[in-house]
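Some notes on the structure that comes next.
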């Protein structure tokens, strides 16, 4: 939220979660404590069920909560629910602690009043949830508009996607790194005149073709030799977009044994755990110097991002995606399987969906360089990365689709 004072926007922090909410019905008034076990406001369902028309059941990884007979399905531990065939993102999900189911306060405060507008209302200023048929409660505060969370429609798959085993439509943003005045690394063992920006653009287009062959819709951050700002790339994956995948080529400065280092590795956002990861982040983030108004990456930026629970759920999904892509890519790559790591890439910091960065090999290694520059090597690697993405999307469908859609 922003306050405008003398033409200046002053950020105002959102209100802290209440210690409890008051529920008032025709049977009286009771307080329900607000829990913060998972970092977001949640309510114990057993307390709610004593006061409101709620039934619930936990089945495997799902909690089914019916309010006045209307079912809502929560994927435990994930900031998402399914309602009337729609996947609805939440700031935090349902979870179980010591056999007690907790549901997000957001569900009761936003979604129930929106669904049952004639029967219930919630006042965020006083943390009161009320049956609206009661006499109005006097308050000096003006009525507050109720926020809503957009749902993500479960779009039916195209005929091609259905033929490839998908049950819903999917969209992926493919990001060939660098471009334009930013060449990336020149690479000792790339052909003369070929730079990282050329290799990743070719790989990105092949990856697009492979994904589209499976029926996955693809958006490219660039299809020509042009510069796109690091912070402008991941936001291209929004609304109905599922994933952001950035493609790069690694390299090393000249030092003892540097030409022997090889292999493919996949990263998702986080604090680097090794000096090598820090080196790679500095190399890729150096692209900021080509941008107007480019600035240093602050550690506080990453700390702020990682404290956000909603982002952390995407990070868990990013880790799963990275693991599958790495598994498939390493089976075709001639170099070492360097595994999955976390790193503070600027290009991933602005992601609002699961996001990874693939370092497809070392241009300073002869075998890697020749593989990445060859048309056959690029086709193999693009196909392998696509297979990892497709496997991830199908596993995602198994988690979020209602039973009757499977």
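Numbering (my numbering), first residue to last: 57 to 462.
For glycine and all other residues, C-beta sits at the position ideal for the given N, C-alpha and C.
Treat the numbers as computed from the prediction; the structure is a model and nothing was measured.
query	result
Segment contact, 8 Å Cβ cut-off, at least three pairs: the region 419–438 with the region 277–296	no
Contact between the region 386–400 and the region 266–280 (3+ Cβ pairs under 8 Å)	no
Nearest-angstrom Cβ-Cβ length linking residue 409 and residue 370, presumed shorter than 8 Å	6 Å
Test item: CB-CB of residue 298 and residue 228 under 8 Å	yes
Close-in-space but distant-in-sequence residues of the same chain around residue 452 (CB under 8 Å, 5 per side omitted)	298, 373
Which residues DSSP lists as bridging residue 155, in chain order	Note: residue 155 sits in no beta bridge, so no partner.
Closest by C-alpha distance to residue 146, when choosing among 135, 296, 139	135
Residue burial classification, residue 124 (beta-carbon count within 10 angstroms, cutoff 16)	exposed
Cβ pair count under 8 Å reaching 3, the region 88–102 against the region 150–163	yes
Sequence-distant residues of the same chain with beta carbon closer than 7 Å to residue 242, five excluded per side	251
Same chain, Cβ closer than 6 Å to residue 80, neighbours up to 5 away in sequence not counted	186
Presumed contact (8 Å Cβ cut-off) between residue 264 and residue 301, rounded CB distance	Residue 264 to residue 301, Cβ: 10 Å. No contact.
Contact set for residue 74: own chain, Cβ-Cβ below 6 Å, skip 5 residues either direction	90, 183
Short Cβ contact (8 Å threshold) for residue 337 with residue 399	yes
Presumed contact (8 Å Cβ cut-off) between residue 255 and residue 429, rounded CB distance	7 Å
Rounded separation between residue 148 and residue 121 - CA only	16 Å
Residues near residue 446 by beta carbon distance below 6 Å, same chain, minus five either side	270
Three-state secondary structure (DSSP) of residue 397	strand
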